[in-house]
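Residue numbering for the sequence shown follows the working numbering, beginning at 1 and increasing consecutively. Reading through the structure tokens given below for one structure.
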Amino acid sequence: MKMIILDRDGVINHDSPAFIKSPAEWVPIPGSLEAIARLNQAGYRVVVASNQSGIARELFDMQMLNAIHHKMHTHAQQLGADVDAIFFCPHAAVDNCDCRKPKAGMFEEIAKRFKVSLKGVPTVGDSLRDLQAGYISGCMPYLVLTGKGQKTHETGGLPPGTQVFPDLATMVNVLLKTAGAAAHIPI
Ligand SMILES: [Mg+2]
Ligand SMILES: [Zn+2]
């Protein structure tokens, strides 16, 4: 089984410093849902791992988060895209939980749920903590420059081997081309 793990805000949809608090505020980045559809067609399970401390901060509740994700699923399905699962951390940094990225808790849950090793699984984020959580879980980190990505790139200190792409659409094009090319290497 092929899998890819995506951050949500700043990777699939536009991010906001004021948090994404309602379905109306959830707006896809151009090409991101189409990219998820291409991943599905290439046999990838697409899993989201997202810090959502807005819940701990009481900026929105679980019902609202479900409504936001319902919008994401609906828009994705209209383009033939399917997000297989959404893992989220509802805690704030002060809660000191095990799931908030840069910790690996959500990634461990994903590995358990899907009964897979995450070794070499591509993970895409726009913040350093996304890449760190993926890296310590054995994933291949990819930084996109959407969302907070430009700032993350300028700050530096990325995990070893991090690859940088303008956005998810471009990253997926390269990933799928590489995978296709690798299939043609004679053994
Ligand atoms: Mg993000
Ligand atoms: Zn948590």
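All C-beta atoms in this analysis are idealised placements derived from N, C-alpha and C, irrespective of residue type, glycine included. Small disclaimer: the values here were computed from a predicted structure and weren't measured.
query = Excluding the five sequence neighbours on either side, which residues of its own chain have a C-beta within less than 6 angstroms of the C-beta of residue 32, listed in chain order?
reply = 12 and 168
query = Which residue's Cα is closest to the Cα of residue 160: 88, 128 and 175?
reply = 128
task = Could you tell me whether the Cβ atoms of residue 95 and residue 7 are closer together than 8 angstroms?
result = no
ask   = Count the other CB atoms within 10 Å of the CB of residue 117; is the residue buried (16 or more) or exposed (fewer)?
value = exposed
Helix, strand or coil at residue 177 according to DSSP, with G and I counted as helix = helix
message = Using the three-state DSSP reduction, which class does residue 126 fall into: helix, strand or coil?
response = coil
ask   = Excluding the five sequence neighbours on either side, which residues of its own chain have a C-beta within less than 8 angstroms of the C-beta of residue 140, listed in chain order?
value = 120, 121, 122, 123, 134, 161 and 163
ask   = How is the alpha helix (DSSP H) around residue 12 delimited, first residue to last?
value = Looking at the DSSP string, residue 12 is not in any alpha helix (DSSP H), and its letter there is neither H nor E.
message = Can you tell me where the alpha helix (DSSP H) holding residue 107 begins and where it ends?
response = 105-114
Ligand 1 heavy atom lying under 7 angstroms from the CB of residue 127 = yes
key: Beta-carbon proximity list for residue 170, same chain, < 6 angstroms, skipping 5 on both sides   = none
request  = Tell me the start and end of each unbroken alpha helix (DSSP H) in the segment 40-101 that is at least 4 residues and wholly inside, in chain order.
outcome  = 62-78
message = So the candidates are 19, 23, 16 and 44; which of them puts its Cα closest to the Cα of residue 176?
response = 44
key: Close-in-space but distant-in-sequence residues of the same chain around residue 16 (CB under 6 angstroms, 5 per side omitted)   = none
inquiry  = Are the CB atoms of residue 34 and residue 79 within a distance shorter than 8 angstroms?
reply    = yes
request  = Compute the distance between the beta-carbons of residue 68 and residue 102, then report whether it is under 8 angstroms.
outcome  = no
message = For residue 47 and residue 40, which I take to be in contact (beta-carbon distance under 8 angstroms), what is that distance rounded to the nearest angstrom?
response = Actually they are not in contact, since the Cβ atoms of residue 47 and residue 40 sit about 12 angstroms apart, beyond 8 angstroms.
key: Buried or exposed (CB count within 10 angstroms, at least 16 for buried), residue 10   = buried
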